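Following: one structure in structure tokens, then a few remarks.
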Amino acid sequence: MNRCPTDASKYTGIGAAVFFTGVLAALSGGYAFHTVFENVWWALAFGLLWGTIIFNLDRFIVSTMRKNKKGFGREFLTASPRILLAIMLAIVISKPLELRIFSKEIDRKLITLEEEIYQKEIIDLERRYTAQLATIDGQISSLKTEIVAKTEKRDELAKAAQQEADGTGGSGKRNAGPIYQIKKADADQAQKELAELQALNLPLIADKQQEWNALFEAKQTEIANLKRNPWNGMAAQLQALRILGEENTAIHFANIFIMLLFILLECTPIVAKLISGRGPYDEMLEIREHFYKNHNIEKLAEMDHNTYEKVKGYSTFSGN
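Under full-length UniProt numbering, think of the first position of the sequence shown as 1, with each following residue one higher.
Put into structure tokens, the structure is as follows:
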């Protein structure tokens, strides 16, 4: 730069932009690593490594751009892949810092999301048991319904026999005649069938009720054993930030502007290089590169000529 003092301020500014972008990347990477592993020393080491990587990438992007005489449009087209890379780096750098800026809001949202996840786990668990419990309830109800129906039929026949005997129903005559005997036999048969049905169904009902109780206790035990696992990792924080942006317009636009700010910072060295005019350094660099290119062509031509002369000499010697 001693030979191009007029370009010193321009490249000093570009270099400072690249350096401070690396510093922001180091802070962002360190915070992201600390969020995941909660270890200060590892976070510092990773932050320095990440900042160095971003610094060298930005330095490479800027240093490989050349000012030429083909116009701004051609230069912008040439630099477009580097601009896209800068935008991607800016998004990666900005996210951990956004999480830090909105950490209080995110922490409150994480508590709500953790409770929602816990309740969803309970609902899923209960849904898994509900179908089984409902099936057993249906079986028990069916068995009880059979007993109730048979009991009602027995009571109906017994009442008819009693009314026939006391003259309040049936033939209307108070006696224990043949009609009463027939109705009494029907009532006795119904009682016998009821006793047989109870002997068959009541043990089944007891077994089903025991199965239902065991299943219900298993459900309650699983619910009691559910743990509220901490839900505060990087992915959880990003999801909380996204939900906050959907719920709160101010946070939504703040996220956008923060990301745009980092994109602008990341693209600043490239934009500065694009909009700056050709200076003495660019002229000297073009001359130097052109010199080496022509020098290389001359060397290749000289080597080709020497090889041709050698081959020609060998051919002459063989002809003699």
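Don't be surprised by glycine CBs; every beta carbon is placed ideally from N, CA and C.
Keep in mind that this is a model prediction, so the values were computed, not measured.
Which runs of the alpha helix (DSSP H) spanning at least 4 residues fall entirely within the region 32-63, listed in chain order?
40-63
What separation, rounded to the nearest whole angstrom, lies between the Cα atoms of R242 and G30?
22 angstroms
Three Cβ pairs or more, each shorter than 8 angstroms: is that satisfied between the region 253-265 and the region 130-150?
Counting C-beta pairs with one atom in each stretch, the region 253-265 and the region 130-150 have fewer than three that are closer than 8 angstroms, which means they do not touch.
Helix or strand or just coil, what does DSSP make of K227?
coil
Please classify D58: is it buried, with 16 or more other beta-carbons within 10 angstroms of its beta-carbon, or exposed?
buried
Considering just the uninterrupted stretch of the alpha helix (DSSP H) at G245, what are its terminal residues?
It spans 234-247 - the alpha helix (DSSP H) in which G245 sits, taken as one unbroken run.
My guess is that G21 and I54 are in contact by the Cβ rule of under 8 angstroms, so how many angstroms apart are they, rounded?
For clarity, residue 21 is Thr in the given sequence; the question names Gly instead. About 7 angstroms separates the beta carbon of T21 from that of I54, a gap short enough to meet the 8 angstroms contact definition.
Would you mind sorting V18 into buried or exposed? The rule is 16 or more other CB atoms within 10 Å of its CB.
With a threshold of 16 other beta carbon atoms within 10 Å, V18 meets it and is buried.
Thinking C-alpha only, which one of N225, D186, Q239, A190 is nearest T112?
Nearest option by C-alpha distance: Q239.
Measure the alpha-carbon distance for T52 versus A25 and round it to whole angstroms.
Rounded to whole angstroms, T52 to A25 spans 8 angstroms at the Cα level.
Whose C-beta lies closer than 7 angstroms to the C-beta of L204 among residues of the same chain, with five residues either side of it excluded?
Cβ neighbours of L204 beyond the five flanking positions: L143.
Hey, is the region 85-94 in contact with the region 263-271, meaning 3+ C-beta pairs nearer than 8 angstroms?
yes
For E114, which option in M259, Q210, W231 has the closest C-alpha, if you only look at C-alpha atoms?
W231
With a threshold of 16 other CB atoms inside 10 Å of the CB of V62, please say whether the residue is buried or exposed.
buried
Pick from Q237, L215, N306: whose alpha carbon is nearest that of T135?
L215
Assign F102 to one of three DSSP states: helix, strand, or coil.
coil
Evaluate E298 with the Cβ neighbour count: other Cβ atoms within 10 Å of its Cβ, from every protein chain shown; 16 or more gives buried, anything less gives exposed.
exposed
Between the Cα of K208 and the Cα atoms of T64, M303, I140, E217, which residue gives the shortest distance?
I140
Between the alpha carbons of T307 and Y292, how many angstroms are there, rounded?
The straight-line gap separating the alpha-carbon atoms of T307 and Y292 is approximately 22 angstroms.
Please check the pair E105 and I251, which I expect to be a contact at CB under 8 angstroms, by giving their CB distance rounded to whole angstroms.
7 angstroms
I think K157 touches A190, with their Cβ atoms under 8 angstroms apart; what is that distance to the nearest whole Å?
At residue 157 the sequence reads Leu, which differs from the Lys that was named. The Cβ separation is near 5 angstroms, so the contact holds.
Please report how far the alpha carbon of L125 lies from the alpha carbon of D137, in whole angstroms.
18 angstroms
Assuming contact is defined by CB atoms lying nearer than 7 angstroms, are S28 and L97 in contact in what I supplied?
yes
CB-CB under 7 angstroms to residue 334, same chain, minus the five flanking residues each way: which ones, in chain order?
Outside the displayed span of the chain (1 to 320) sits residue 334, for which this structure offers no information.
Thinking just about the alpha-carbon of each residue, which of G15, L44, S80 is nearest to the one in N56?
G15
How would you call I182, buried or exposed, if buried means at least 16 neighbouring beta carbons within 10 angstroms?
exposed
Go through its chain and collect everything with a Cβ distance to E146's Cβ below 8 angstroms, but skip five positions before and after it.
L197, N201
How about A161 and A187: are their beta carbons less than 7 angstroms apart?
yes
Whose CA, out of A236, L133, E246, W50, lies closest to the CA of L99?
A236
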